[in-house]
Amino acid sequence: MNEEPPVISPEPNAFWKENAKNLVSESIATVEEVAKQLITVNSALEALYFTAITFSDIKGNLTYLTGAIYLSPVLLWLLSLVFAVLVLSPKKYAININSSSDSKERFIEIVSRKHLMLKWSELFLILSFIALFTALAHYLMAASVN
């Protein structure tokens with residue numbers, strides 16, 4: 001008996017080929033859409049936090065340490081916001097439109113830069129949740145002492 005594996009055609013599956021084209025063509029738009037969502041989330045969190053601080057009773061007994069605890073989420077949200085905005089900010093790229101390899105290199109450069117800025121934005125947002133939890137824990141412990 002001859003148990004050779006069947007011959008597989010070297011032609012790629014049309015579905016996956018089209019899927020790969022879409023992934024490449026939509027990658028910048030996807031990264032920019034996530035950046036816009038991060039801008040919205042950061043802005044909403046800052047607004048809610050400022051509202052909560054405004055109506056709280058922490059203003060009277062602030063020290064440098066408690067001030068740093070309560071300002072750290074805001075600082076991290078601002079950093080997240082800055083990096084999300086950098087994803088959307090345009091930049092000049094020198095490109096030779098007659099060279100497909102140059103076009104590919106510029107595309108990879110653009111996507112890589114935007115992706116890196118997006119990752120920094122996400123990191124600062126995650127760190128802000130840790131800082132927010134710390135501020136909330138401090139507030140609740142201070143309230144239970146008083």
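Counting from 1, one number per residue, gives the positions in the sequence shown under the working numbering.
From the three backbone atoms N, C-alpha and C, an ideal C-beta is built for every residue, glycine too.
My assumption, with CB atoms under 8 Å, is that Leu38 sits in contact with Ala84. Please give the rounded CB distance.
Here residue 38 corresponds to residue number 38 of the sequence shown, with the count starting at 1. Here residue 84 corresponds to residue number 84 of the sequence shown, with the count starting at 1. About 4 Å separates the Cβ atoms of Leu38 and Ala84, confirming a contact at the 8 Å cut-off.
Cα-Cα separation, Val145 to Val34:
Within the sequence shown, the letter at position 145 stands for residue 145. Within the sequence shown, the letter at position 34 stands for residue 34. Between Val145 and Val34, the alpha-carbon positions lie close to 42 Å from each other.
I think Ile69 touches His138, with their Cβ atoms under 8 Å apart; what is that distance to the nearest whole Å?
Along the sequence shown, one-based indexing puts residue 69 at 69. Along the sequence shown, one-based indexing puts residue 138 at 138. Going by Cβ atoms, the distance from Ile69 to His138 rounds to 5 Å, so yes, they are a contact pair.
What residue from Val87, Pro5, Phe50, Glu105 has the CA that sits closest to Lys119's CA?
For this step, residue 119 is matched to residue 119 along the sequence shown. Residue Val87 is the option with its Cα nearest to Lys119.
For Asn19, report the span of its alpha helix (DSSP H) as first-last.
The sequence position of residue 19 within the sequence shown is 19, counting from 1. Taken as a continuous stretch (DSSP letters only), the alpha helix (DSSP H) holding Asn19 covers 14-54.
Spatial neighbours of Leu127 within its chain, please: CB distance less than 8 Å, with the 5 preceding and 5 following residues excluded, ordered by chain position.
The sequence position of residue 127 within the sequence shown is 127, counting from 1. These residues qualify, in order along the chain: Leu76.
Taking the Cβ atom as the reference point for each residue, do Trp124 and Leu79 lie within a distance shorter than 8 Å?
One-based indexing of the sequence shown puts residue 124 at position 124. One-based indexing of the sequence shown puts residue 79 at position 79. The sequence shown places Phe at residue 124, not Trp. Taking a C-beta distance under 8 Å as the contact criterion, Phe124 and Leu79 qualify as a contact pair.
Three-state class that DSSP yields for Asn98 in the structure shown:
As a working mapping, residue 98 is identified with position 98 in the sequence shown. Annotated three-state conformation of Asn98 is coil, per DSSP.
At the level of alpha carbons, what is the spacing between Val31 and Met117?
Mapped onto the sequence shown, residue 31 falls at position 31. Mapped onto the sequence shown, residue 117 falls at position 117. Approximately 10 Å, taken between the alpha carbons.
Let me make sure I understand the geometry here. Which of Val111, Asn98, Ser101 has the alpha-carbon closest to that of Pro90?
Position 90 of the sequence shown, counting from 1, holds the residue named residue 90. For Pro90, the nearest C-alpha among the options comes from Val111.
Reference Leu140; option with closest CA among Asn19, Lys17, Ile58:
To locate residue 140, count along the sequence shown from 1; it is residue 140. For the residues Asn19, Lys17, Ile58, the minimum Cα distance to Leu140 belongs to Ile58.
Using 8 Å for Cβ pairs, my map puts Ile95 next to Ser101. What's the rounded Cβ distance?
For the purposes of this step, residue 95 is identified with residue 95 of the sequence shown, where counting begins at 1. For the purposes of this step, residue 101 is identified with residue 101 of the sequence shown, where counting begins at 1. The C-beta distance from Ile95 to Ser101 rounds to 11 Å, too long to meet the 8 Å contact threshold.
Use the C-beta contact count for Leu23: other C-beta atoms within 10 angstroms, 16 or more gives buried, fewer gives exposed.
As a first step, residue 23 must be located in the sequence shown, where it is residue number 23. Leu23 counts as exposed, since fewer than 16 other C-beta atoms from the protein chains shown sit within 10 angstroms of its C-beta.
For Pro73 versus Ala14, is the C-beta distance shorter than 8 Å?
Position 73 of the sequence shown, counting from 1, holds the residue named residue 73. Position 14 of the sequence shown, counting from 1, holds the residue named residue 14. Remark: C-beta atoms of Pro73 and Ala14 do not approach each other more closely than 8 Å.
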